[in-house]
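In terms of our numbering, the sequence shown is residues 89 to 296.
One structure is given below, encoded as structure tokens.
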Amino acid sequence: MKKFVLPMCLALSFIVFTVLVCFVDVQPIAPDASSVGFATVNTAVHQFFGIHKLWYTLTQVLGLAAIAVAFAFALLGFVQLIQRKSLLKVDRTLLVLACVYVAVIVLYVLFEKLAINVRPIISDEGIEPSYPSTHTMLILTIFGTARYQIKQYVRNKNLCLLCDILCILIMVVAFAGRLVCGVHWFTDIIGGLLLSLTLICFYKACAY
């Protein structure tokens, strides 16, 4: 089906990019001397931006906001299930959204366990997995799907437009903030972006 071409291409792009991260320009540049792919580019970007705690804190807050949005849609789906007394009568878009949220959780846990590389800094929790930026994936996916989901329930065009702009703004700030705060390599952010775009496009293909 044509509508699945884009999400499949994005999924393939993420897989290919991940393989490249594992094998291209791999050097021991991490704080624990472990190897990181695209070392030259990653080192240059990290040194250029440095470390900014303000941006880190802001992206952490946006992450909590994303979780709140996901909880709100989950609650809406639960209310529909109770009122309509059948899972099949819950709005299709909410069911697809639930599947996306499950995928986000699975991928989040998976990549926390698969240490493809580690962060460029040692946090209070010690050495942490870095690729892809699951925080970036979380925020972009939740607000990226919320843009379309909100249109299902907000009838006021001006309010709908405002919500759409707000979602896009949060996504841009989250992407930029996670890049410049210094807790991830550049390739981590790109990986998180590709993964979130894949999930968003699968959501659109399945829900509409």
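Note that the Cβ used here is the ideal one computed from N, Cα and C, for glycine as well.
Quick caveat, the model's predicted, so the values are computed rather than measured.
Query: Within 8 Å, strictly: CB atoms of residue 107 and residue 219; Result: no
Query: Sub-8 Å separation of residue 94 and residue 289 beta-carbons; Result: yes
Query: Distance between residue 135 and residue 90 (C-alpha atoms, nearest Å); Result: 42 Å
Query: Span separating the alpha-carbon of residue 304 from that of residue 104; Result: The requested residue 304 does not occur in the structure, where the chain is confined to residues 89 to 296.
Query: DSSP-derived helix/strand/coil call for residue 217; Result: strand
Query: Cα-Cα separation, residue 112 to residue 281; Result: 19 Å
Query: Cut-off 8 Å between Cβ atoms - residues of its own chain near residue 129, not counting five sequence neighbours on either side; Result: 113, 274 and 275
Query: Which residues DSSP lists as bridging residue 124, in chain order; Result: 115
Query: For residue 221 and residue 277, the rounded distance between their alpha carbons; Result: 5 Å
Query: Selection from 216, 266 and 102 that minimises the alpha carbon distance to residue 148; Result: 266
Query: Option nearest residue 235 by Cα separation, candidates 257, 215, 217 and 125; Result: 257
Query: Rounded distance between the beta-carbons of residue 195 and residue 225, thought under 8 Å; Result: 7 Å
Query: Buried or exposed (CB count within 10 angstroms, at least 16 for buried), residue 97; Result: exposed
Query: Residues bridged to residue 211 (per DSSP); Result: 214
Query: Enclosing alpha helix (DSSP H) for residue 203 [first to last residue]; Result: Counting along the chain, residue 203 falls outside any alpha helix (DSSP H), and DSSP gives it neither H nor E.
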